[in-house]
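Visitor: Numbering (the working numbering), first residue to last: -3 to 229.
For each residue, glycine too, the CB sits at the ideal point set by N, CA and C.
What you are looking at is a predicted structure, and each value in this text was computed from that prediction instead of being measured.
Once you've had a glance at the structure underneath, I'll fire off some questions.
So, in structure tokens, the structure goes:
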């Protein structure tokens, strides 16, 4: 196929895409006319595929933007409720990523988060703890509403000198095991937990392994405790 013919086909395809089929139908050369129509079909197919992809990408971008907006608006709503019902409990003003609380009214706030129909956080997906340094431990709660399909994260910091946070295992039963593990690893005391004891380590183990200042005990019941994972690899 010559360069001139390629150019002619391209021009005719452009006209066909614009809805002008008359120049194509008037081509006397049947072979050329067939090539143009085949090229037009291919061009339409490619254009349709691109349009579909662009639509999907636009929907995805809008969805991501909407999800972020909904998350921000949800946290604002939660923050406002907490300020009204439990003054002084909300610590952070910037609540875009999470809500930081003092521990004092956590049980009552957790009850509100689950029972308030517009929130309905019926699922505690995860609860964990972290030593954030400067003599401070933090418990984090990831909450999800199955009914509304929205999420939020609650964080509560306490001093190592008084690491006490109200238990929520009577609100979300899964918190029973979550809180026991956090207690086991960091020594956070969850007050009013009905069975707060170690879950991974023996009950008489010394110390809290995930604290930054943790030092492995030398022996356990007369058995030397290895400080290296010898032979594990």
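With a Cβ-Cβ cutoff of 8 Å, do residue 154 and residue 184 count as a contact?
Guide: Result yes, Cβ atoms of residue 154 and residue 184 sit closer than 8 Å.
Visitor: From what residue to what residue does the alpha helix (DSSP H) around residue 82 run?
Guide: No alpha helix (DSSP H) holds residue 82; DSSP gives it neither H nor E.
Visitor: Between the beta-carbon of residue 33 and the beta-carbon of residue 13, is there less than 8 Å?
Guide: For residue 33 and residue 13, no; Cβs fall outside 8 Å.
Visitor: What residue does the alpha helix (DSSP H) around residue 135 start on, and which one ends it?
Guide: Not the alpha helix (DSSP H): residue 135 falls in the beta strand (DSSP E), residues 132 to 141.
Visitor: Between residue 226 and the rest of its own chain, which residues show a CB-CB distance below 6 Å, the 5 nearest in sequence each way excluded?
Guide: Bear in mind that the predicted position of residue 226 carries a pLDDT of just 49, short of 50, making it unreliable; the figure below should be weighed with that in mind. Taken in chain order, the list of residues that qualify is empty.
Visitor: For the beta strand (DSSP E) containing residue 151, name the first residue and the last one.
Guide: Run containing residue 151: 146 to 155, per the beta strand (DSSP E) assignment.
Visitor: Would you kindly work out how many angstroms separate the C-alpha atoms of residue 200 and residue 181, rounded to a whole number?
Guide: Looking at the two C-alpha atoms, the distance is approximately 13 Å.
Visitor: May I have the straight-line CA-CA distance separating residue 220 from residue 136, to the nearest angstrom?
Guide: Those two C-alpha atoms are separated by around 34 Å.
Visitor: Should residue 45 go down as buried or exposed, given a rule of 16 or more other Cβ atoms within 10 Å for buried?
Guide: Exposed is the call here.
Visitor: Looking at residue 151 and residue 134, is the spacing between their C-beta atoms short of 8 Å?
Guide: Closer than 8 Å, so yes.
Visitor: Grouping DSSP H, G and I as helix and E and B as strand, with all else coil, what is residue 96?
Guide: Looking at residue 96 - three-state DSSP - the assignment turns out to be strand.
Visitor: Does the Cβ of residue 189 have 16 or more other Cβ atoms within 10 Å, making it buried, or fewer, making it exposed?
Guide: Buried is the call here.
Visitor: Taking a contact to mean a Cβ-Cβ separation below 8 Å, would you say residue 105 touches residue 75 in this structure?
Guide: Contact flag unset, no.
Visitor: Could you check whether residue 5 and residue 38 sit closer than 8 Å to each other, using their CB atoms as the reference points?
Guide: Against a cut-off of 8 Å, the Cβ pair of residue 5 and residue 38 comes out as no contact.
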